[in-house]
Amino acid sequence: MKKLVWFTCFAVHGMAFAALDIVPVNKEGESLVYAVKTSSGKVLGIFWDQENGTSDYGFESSVVPDFLWSPDRSYVAVTAGASRSRTVTVYKAGENSLKEVSIPHELTGEKAAPLNEITDPVADGMDAVRWQPDGTLLVRFWSAQRLKDDNENQKEANVWADLDVSGAEGKIVGAGSVEPTPEPDGEESFDPERLVGTHQVSGRNPDGTNYSGKVEIRVKNGLVLLEWKIGKEVSHGTGLVVGMTLGVALDDGIAVYQIFGQSEGQSLIGFWSLGKSSVTNKEAIRIGSADMEDARVEVEKINGNYVSLREVGDGQVEGNVTISGGEIAKKVAWEVNGRKTMCQGMALGEGLAVITPAGLSVFSKRGDSLEGQSLTGKENISQESLIPAN
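All letters in the sequence shown, in the order written, are residues 23 to 412 by this note's numbering.
Set out below in structure tokens:
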């Protein structure tokens with residue numbers, strides 16, 4: 023079942039430039055985030071300490087949070103939590119403190135009236151999307167429930183609502199819905215030619231800062247060739263599309279995206295990582311007039327032991343594969359002909375991308391198995407399957 027999504031705008035009033043920042047510790051293996059006074063660099067407190075589960079500001083999360091500052095940096099929206107239980111907390115940044123702004127986490131009673139009839143409209147989770155020029159914060163809610171149409175039939179839809187927040191009160195002032203574009207069935211892959219062109223790209227760096235620029239996408243002999251231009255920096259990647267997943271081998275890293283077909287254009291929502299780091303960084307590519315540029319992506323559970331079957335010439339090469347790791351960043355242990363190799367992988371939606379010694383492998387979940395393609399050398403593409411070992 024598709025997720026039902028509310029797009030909601032929060033308005034936060036009385037903005038004034040803050041002299042406070044939130045700074046992640048940029049060291050491998052350290053999961054600490056400090057609140058720092060901008061003028062002096064003085065640490066005012068610990069915002070998030072994953073190892074000890076503590077926060078001087080009452081913040082709780084088991085995964086690395088995302089920070090989204092208002093244009094004047096007087097408010098910060100913090101998104102955190104696992105894929106099915108995401109939360110958004112908004113803080114007002116003062117001279118020496120962070121104060122939480124109350125926002126509602128559910129749409130019930132009269133508040134749901136503009137959204138037609140929704141069964142049990144309690145949000146399963148939420149994400150901060152972006153700050154608007156007028157100072158409102160666009161927040162997305164999602165739920166496993168569906169809308170009912172005028173004939174009482176269940177109808178899937180992407181639903182948004184404008185929610186004006188002043189102080190601790192919330193009020194929906196507008197609502198609407200967008201019918202989702204049908205996706206191809208499970209056995210078909212998205213045509214990569216539909217990605218060709220130069221498109222807007224935006225994302226988040228490992229240090230928590232945002233970036234934006236252009237990405238040019240070309241397709242050659244079934245390969246997706248990407249060139250990012252972010253300011254003066256240029257980087258490249260080579261990818262494969264399997265199902266609705268685009269996996270990309272970067273100059274020095276890996277990326278994985280889910281492709282969302284929409285009424286006009288597509289959105290690619292994904293994550294990237296450089297080197298052998300387990301730190302994942304979010305990115306969105308907007309193609310055409312995409313009407314849902316930051317779609318919610320669920321992650322399938324794929325950790326376990328598999329038997330790999332790769333087509334080589336007229337035969338097959340068999341191996342053993344073990345997938346482990348967190349929700350997105352994966353460790354993939356590959357054993358072929360008695361030789362063991364530890365590979366870097368990333369999972370998103372129903373897809374998995376893996377950087378192997380031979381090149382790139384991209385899979386999409388089909389039942390209990392993972393079906394996909396492998397790129398070895400510059401242009402040699404072969405079919406590959408990962409079948410559960412047990």
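Virtual Cβ for every residue (Gly too), placed ideally from N, Cα, C.
Treat the numbers as computed from the prediction; the structure is a model and nothing was measured.
Asked	Found
First and last residue of the uninterrupted beta strand (DSSP E) at R388	381-388
CA-to-CA distance, K362 to V181, given in whole angstroms	Any reading at V181 must be qualified, since the residue scores a pLDDT of 48, below 50, and its modelled position is unreliable; no value is offered.
Close beta carbons around W91, own chain, < 6 angstroms, minus the five adjacent residues each side	V98
Rounded C-alpha distance that separates I345 from S61	46 angstroms
Residue closest to G116, alpha-carbon to alpha-carbon, out of R95, A102, V100, A351	R95
Within 9 angstroms, strictly: CB atoms of V384 and L268	yes
Local conformation of L397 per DSSP, three classes	strand
Three-state secondary structure assigned by DSSP to R216	helix
Whole-angstrom C-beta distance between G292 and Q280, which should lie under 8 angstroms	7 angstroms
Of the residues L374, R226, S391, V376, the one placed nearest I252, counting alpha carbons only	R226
Top-ranked residue by Cα proximity to Q288, from G63, T220, N74	T220
Rounded separation between D71 and L54 - CA only	5 angstroms
First through last residue of the beta strand (DSSP E) which encompasses R95	Neither: R95 is in no beta strand (DSSP E) and is coded neither H nor E.
Length of the line joining the Cα atoms of I239 and V246	7 angstroms
Identity of the residue in I309, D273, E215 nearest T298 by Cα	Correcting the residue type first, residue 298 is Lys in the shown sequence and not Thr. Out of I309, D273, E215, D273 has the C-alpha closest to the C-alpha of K298.
Boundaries (first-last residue) of the beta strand (DSSP E) holding P228	Unbroken run through P228: none, as it is neither H nor E.
Coil, strand or helix - M266 by DSSP	coil
Rounded straight-line distance, which links the Cα of Y79 to that of K59	15 angstroms
Residue from I324, N412, L331, S404 whose Cα sits closest to the Cα of G367	I324
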